[in-house]
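Undergrad: This is the structure, below, for whatever I ask next.
Residue numbers (the working numbering): 8 to 210.
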């Protein structure tokens, strides 16, 4: 009985993920989810009391999964650069639908009021920016990275990941390795041409 219920919930969450990625939160109804999952609306309400409950459960489940992946990758041995690269690679290797779900927090967050809004923000912070912040903080402490605010730098890095996973950005590169190389180089070396400083210093 429990196993069947777990499968039903998983199917509902999968259907919800697909729908919420295609349309905004306000445009989705429980009837839409029921149709996509091949279930009755009554079945959905048996497990979730409202559309908000379904959405929040979907996002918290997803963000917990991302958090586990990022924390494991970030805790692996190596330099800050190596650990940050592994963490980013784990995220980039997810199916597009899984990567795009992270963007729903930013898109939909103002739809909700506290405490739901704060709950989603907190889950998002735990999933990606905070594992990144740990790596950056340790990199600053051991001298690998220049002194700076690790939280601010982690959000800067997270923003780069959000940009680099847009369809336009992905069309710019031939493969995920190029994407990974670019975002790591941009963070650690910047966008300035290597020869610029030499030319500038001669002036």
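Where is the CB? At the ideal position from N, CA and C, for every residue including glycine.
Note that the structure is predicted; figures quoted are calculated from it, not measured.
(1) Are there 16 or more other CB atoms within 10 angstroms of the CB of residue 89, so buried, or fewer, so exposed?
(2) For residue 175, count neighbouring C-beta atoms within 10 Å of its own C-beta (all shown protein chains included) and say buried if the count is 16 or more, exposed if not.
(3) Just to confirm my understanding: we take residue 208, look at its own chain, exclude 5 residues before and 5 after, and list those with CB closer than 6 Å. What are they?
(4) Pick from 161, 152 and 155: whose alpha carbon is nearest that of residue 133?
(5) Quick check on residue 148: buried or exposed, where buried means 16 or more other Cβ atoms within 10 Å of its Cβ?
(6) Decide if residue 159 is buried, meaning its Cβ has at least 16 other Cβ atoms within 10 Å, or exposed.
(7) Is it buried or exposed, residue 197, if we count other Cβ atoms within 10 angstroms and call 16 or more buried?
(8) For a test of the three-state rule: what should DSSP assign to residue 184, helix, strand or coil?
TA: The relevant details are as follows:
(1) exposed
(2) exposed
(3) In this predicted model, residue 208 has a pLDDT of only 49, less than 50, meaning its place in the structure is not dependable enough to derive any value.
(4) 161
(5) exposed
(6) exposed
(7) exposed
(8) helix
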